[in-house]
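Structure record follows, encoded as structure tokens.
There are 2 protein chains.
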Amino acid sequence: MNILGQRITWHDEGLLSQALTHRSVGKGNNERLEFLGDSVLSLVISTHLYNHYPQLSEGELSRLRSQLVKGKTLAEVARHYQLGSTIKLGQGEIKSGGVNKSSVLADAVEAVFGAVLLDQGYAYSESFVAAVMQPWLEKIDPSVIKKDPKSHLQEVLQKQGLALPVYKTIKEEEVNEGIQFTVTCQVIEKSLLVQAKASSRKKAEQACAEQMVEKFHG
Amino acid sequence: MNILGQRITWHDEGLLSQALTHRSVGKGNNERLEFLGDSVLSLVISTHLYNHYPQLSEGELSRLRSQLVKGKTLAEVARHYQLGSTIKLGQGEIKSGGVNKSSVLADAVEAVFGAVLLDQGYAYSESFVAAVMQPWLEKIDPSVIKKDPKSHLQEVLQKQGLALPVYKTIKEEEVNEGIQFTVTCQVIEKSLLVQAKASSRKKAEQACAEQMVEKFHG
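Chains A and B supply the protein sequences, listed in that same order.
If you're matching positions, the first sequence starts at 0 in numbering that gives the first Met the number 0 and goes up one per residue.
If you're matching positions, the second sequence starts at 0 in numbering that gives the first Met the number 0 and goes up one per residue.
Have a look at this one:
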């Protein structure tokens, strides 16, 4: 049987059938397999990136990984291999065009990865996921990963003979996932001020720096 | 050699040494191994939960997983196995008490998992991680995972003969990680209103529902 462009002989074809059953159908749907597949995908991609890009930092590897595992990419994967037509949907979801929804498609891809893990073990699923993702792994261009934005901003300012930017944390508030930091970044000599929010001070500062760099290039 | 309470014969002991080298030391530190180990841990825990709790939904499995893989738990793991004394730190980090910092400890645990994967392959690392995490896996009590808060709130209101709560999305704003949703929940007959922010509308609604349930029980 072919799935996501790969030939596979299933021990238990019921797993594949479950992986292709959207939650709108009811029981026996793919949500639990998606939970598992999400982790399989992450480990396969992490291992690939770790081995192929020894020169990249942890932050750069993480940015590449998130590009590859995000819903938008997985929906592309599903469309590339024409997975949509094999997904079982409930009546409501069929009417609302679920077969074309990126989230439905991406979830099914992850669920198939989970099913392959259960049916064939990790070694096989590693080859399977890598083969499925091959076209996207080949497209990776690590040179386009941006340098850490704070370092980049500092370079830009130094080239223009300007002082270092000033970062200030102006708010810390509790949100569902934890603390949210609101940070500002100022380039005083240019009267420039930007603001960003994120789940850590460092991330918020990086987001500010990214915006500030755009102001200089824009 | 014993590490995290497990005997292991390394093919390349340099990997262990790298896993125990904090970034404050400079080159050859554990950040890249931590990137890998984070994914190993996630897959081992996901597989364990998937197999041991067939009755749990994807959402419940995710909540259990995040309890087990969060930094606070991993720092506990490090302290339990007295990993701290084996971690190499730079001078600055030694002075600021890095050996007791939860983030330093948790990162080293993940990095050791990454090193074991590279040195021994996935099957071995699965047994290793499961053995290390065994005391925490045994402590799991799925009955304490809260029911999905929106369903719970609905039950609470129905028991009191009240109408369904009203959820409204009052703001969507771009933050570093994507869109942030601000949602309110009203129980009109009781003049109760709560508000929450999260990275998806559904999560923000769940957070609102959780707060609202507390208002009824408190």
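C-beta: ideal position from N, C-alpha, C; glycine also.
Given the structure is predicted, the values throughout are model-derived calculations rather than measurements.
Exercise. Just to confirm, are alanine 107(B) and alanine 18(B) a CB contact at a threshold of 9 Å?
Worked result: Mapped onto the second sequence, residue 107(B) falls at position 108. Mapped onto the second sequence, residue 18(B) falls at position 19. Going by beta carbons, alanine 107(B) and alanine 18(B) fall inside the 9 Å limit.
For this session: Could you name the residues that DSSP lists as bridge partners for leucine 192(B)?
Result: Mapped onto the second sequence, residue 192(B) falls at position 193. DSSP lists Gln185(B) as partners of leucine 192(B).
Exercise. So, is asparagine 50(B) buried or exposed, given that buried needs 16 or more other C-beta atoms within 10 angstroms?
Worked result: The sequence position of residue 50(B) within the second sequence is 51, counting from 1. Per the 10 Å Cβ criterion, exposed.
Problem set entry | Neighbour flag for tyrosine 166(A) against chain B, beta carbons, 9 Å | What you label residue 166(A) is simply residue 167 of the first sequence in a count that begins at 1. No, tyrosine 166(A) does not count as interfacial toward chain B.
Exercise. From alanine 105(B) to threonine 181(A), what does the alpha carbon distance come to, in whole angstroms?
Worked result: As a working note, residue 105(B) is residue 106 in the second sequence. As a working note, residue 181(A) is residue 182 in the first sequence. The alpha-carbon separation between alanine 105(B) and threonine 181(A) amounts to approximately 26 Å.
Problem set entry | Given 8 Å, three or more beta-carbon pairs between the stretch 42-49 of chain B and the stretch 38-49 of chain A | Yes: the two stretches touch, three or more of their Cβ pairs being nearer than 8 Å.
For this session: Report the partner residues of glycine 177(B) according to the DSSP bridge assignment.
Result: Taking the first residue of the second sequence as position 1, residue 177(B) is located at position 178. Answer is Val174(B), bridged to glycine 177(B).
Problem set entry | Rounded straight-line distance, which links the Cα of leucine 88(A) to that of isoleucine 169(A) | Position 170 of the first sequence, counting from 1, holds the residue named residue 169(A). Position 89 of the first sequence, counting from 1, holds the residue named residue 88(A). Cα-Cα distance, rounded: 47 Å.
Exercise. Is the shortest distance between the beta-carbon of glutamine 119(A) and the beta-carbons of chain B less than 9 Å?
Worked result: Position 120 of the first sequence, counting from 1, holds the residue named residue 119(A). Taking Cβ atoms only, chain B never reaches closer than 9 Å to glutamine 119(A), which makes this a no.
Exercise. Relative to the C-alpha of leucine 163(A), which residue among Cys184(A), Ile178(A), Gln179(A) is closest?
Worked result: If you number the first sequence from 1, residue 163(A) lands on position 164. Leucine 163(A) has its Cα closest to that of Cys184(A), out of Cys184(A), Ile178(A), Gln179(A).
Exercise. Which of helix, strand or coil does DSSP assign to isoleucine 169(A)?
Worked result: Counting from one through the first sequence, the residue named residue 169(A) turns up at place 170. Three-state DSSP puts isoleucine 169(A) in a strand.
For this session: Could you list which residues in chain E have their beta carbon closer than 9 Å to that of alanine 122(B), in chain order?
Result: This model lacks chain E altogether; the protein chains it does include are A and B.
Problem set entry | Start and end residues, alpha helix (DSSP H) containing asparagine 50(B) | Looking up residue 50(B) in the second sequence gives position 51. 30-51 is the span of the alpha helix (DSSP H), which, as asked, contains asparagine 50(B).
For this session: Out of Gly4(A), Val174(A), Tyr166(A), Glu172(A), state which residue places its alpha-carbon closest to the alpha-carbon of histidine 79(A).
Result: Reading the first sequence from its first residue, position 80 is the one you call residue 79(A). Minimum Cα distance to histidine 79(A) is reached at Gly4(A).
Exercise. Touching or not, the stretch 64-71 of chain B and the stretch 146-153 of chain B, by the rule of three or more beta carbon pairs under 8 Å?
Worked result: Touching, no.
Exercise. What is the DSSP secondary structure of alanine 197(B), reduced to helix, strand or coil?
Worked result: By one-based count along the second sequence, residue 197(B) stands at place 198. It is a strand residue.
For this session: Determine the chain A residues that contact threonine 46(B) at a beta-carbon separation under 7 Å, and present them in chain order.
Result: Sequence index remark: in the second sequence, residue 46(B) carries index 47 (1-based). Those within 7 Å of threonine 46(B) in chain A are Leu35.
Exercise. Does the stretch 195-208 of chain B touch the stretch 128-144 of chain B, meaning 3 or more C-beta pairs lie closer than 8 Å?
Worked result: The stretch 128-144 of chain B is not in contact with the stretch 195-208 of chain B.
For this session: Have a look at the DSSP bridge pairing and note the partners of arginine 6(B).
Result: Taking the first residue of the second sequence as 1, we reach residue 6(B) at position 7. Paired residues: Asn1(B).
Exercise. Do you know offhand how far serine 190(A)'s Cα is from leucine 14(B)'s?
Worked result: Here residue 190(A) corresponds to residue number 191 of the first sequence, with the count starting at 1. Here residue 14(B) corresponds to residue number 15 of the second sequence, with the count starting at 1. Cα to Cα, serine 190(A) sits roughly 49 Å from leucine 14(B).
Problem set entry | Proximal chain A residues relative to arginine 62(B), where beta-carbon distance stays under 9 Å | Sequence index remark: in the second sequence, residue 62(B) carries index 63 (1-based). Within chain A, no C-beta atom comes less than 9 Å from the C-beta of arginine 62(B); the nearest is roughly 11 Å away.
Problem set entry | Residue-chain proximity (lysine 202(A), chain B), Cβ-Cβ < 9 Å | For the purposes of this step, residue 202(A) is taken as residue 203 along the first sequence, with counting starting at 1. Yes, because at least one Cβ of chain B sits closer than 9 Å to the Cβ of lysine 202(A).
Exercise. Under a CB-based cut-off of 9 Å, is glutamate 171(B) close to chain A?
Worked result: In the second sequence, the residue the question calls residue 171(B) occupies position 172. No, its Cβ sits nowhere closer than 9 Å to a Cβ of chain A.
Exercise. Would you call histidine 216(A) buried or exposed, if buried means 16 or more other Cβ atoms sit within 10 Å of its Cβ?
Worked result: Here residue 216(A) is taken as the residue at index 217 of the first sequence, counted from 1. Histidine 216(A) comes out exposed.
Exercise. Going along the chain, which residues of the stretch 56-83 of chain B sit with their C-beta nearer than 9 Å to a C-beta in chain A?
Worked result: Of all residues in the stretch 56-83 of chain B, only Ser56, Glu57, Gly58, Leu60, Ser61, Arg64 come within less than 9 Å of chain A when Cβ atoms are compared, listed by chain position.
Exercise. Does any CB atom of chain A fall closer than 9 Å to the CB of leucine 104(B)?
Worked result: Translated into positions along the second sequence, residue 104(B) becomes position 105. At a cut-off of 9 Å between beta-carbon atoms, leucine 104(B) makes no contact with chain A.
Exercise. Within this structure, are the beta carbons of leucine 32(A) and leucine 117(A) separated by less than 9 Å?
Worked result: If you number the first sequence from 1, residue 32(A) lands on position 33. If you number the first sequence from 1, residue 117(A) lands on position 118. A contact, by the Cβ cut-off of 9 Å.
Exercise. Just the Cα atoms here: how many angstroms apart are glutamine 179(A) and alanine 203(A)?
Worked result: What you label residue 179(A) is simply residue 180 of the first sequence in a count that begins at 1. What you label residue 203(A) is simply residue 204 of the first sequence in a count that begins at 1. If I take the Cα positions, the gap works out to 9 Å.
Exercise. Of all Cβ atoms in chain A, is any one closer than 9 Å to the Cβ of arginine 6(B)?
Worked result: Taking the first residue of the second sequence as position 1, residue 6(B) is located at position 7. So no, arginine 6(B) is outside the interface.
For this session: Quick one: residues in its chain with C-beta nearer than 8 Å to the C-beta of glycine 25(B), no 5 flanking neighbours on either side, listed in chain order?
Result: By 1-based counting over the second sequence, the position of residue 25(B) is 26. Counting only residues of its own chain and dropping the five nearest sequence neighbours on each side, glycine 25(B) has a CB closer than 8 Å to the CB of Gly89.
Exercise. When the Cα of glutamate 12(A) is compared with those of Glu30(A), Val111(A), Ser65(A), Leu35(A), which residue comes out closest?
Worked result: Taking the first sequence and counting its residues from 1, the one referred to as residue 12(A) is at position 13. Minimum Cα distance to glutamate 12(A) is reached at Val111(A).
Problem set entry | Per-residue contacts from alanine 129(B) into chain A (C-beta, under 9 Å) | Working through the second sequence from its first residue, we reach residue 129(B) at position 130. Within 9 Å Cβ-Cβ: nothing; alanine 129(B) doesn't reach chain A, min ~13 Å.
Exercise. What does DSSP give as the partner residues of threonine 20(A) in its beta bridges?
Worked result: Here residue 20(A) refers to the residue found at position 21 when the first sequence is read from its first residue. Beta-bridge annotation (DSSP): threonine 20(A) is paired with Lys87(A).
Exercise. Which whole-angstrom value describes the C-beta separation of alanine 218(B) and asparagine 175(A), a residue pair presumed to lie in contact below a C-beta threshold of 8 Å?
Worked result: A query on residue 218(B) cannot be resolved here, the shown segment of chain B reaching from 0 to 217 and no further.
For this session: Please check if any C-beta of chain B sits within less than 9 Å of the C-beta of glutamine 185(A).
Result: Position 186 of the first sequence, counted from the start, is the residue given in the question as residue 185(A). No, no contact with chain B.
Exercise. Can you find a C-beta in chain B that's less than 9 Å from the C-beta of serine 198(A)?
Worked result: Residue mapping note: residue 198(A) aligns to position 199 of the first sequence, counting from 1. Taking a beta-carbon distance threshold of 9 Å, serine 198(A) counts as an interface residue toward chain B.
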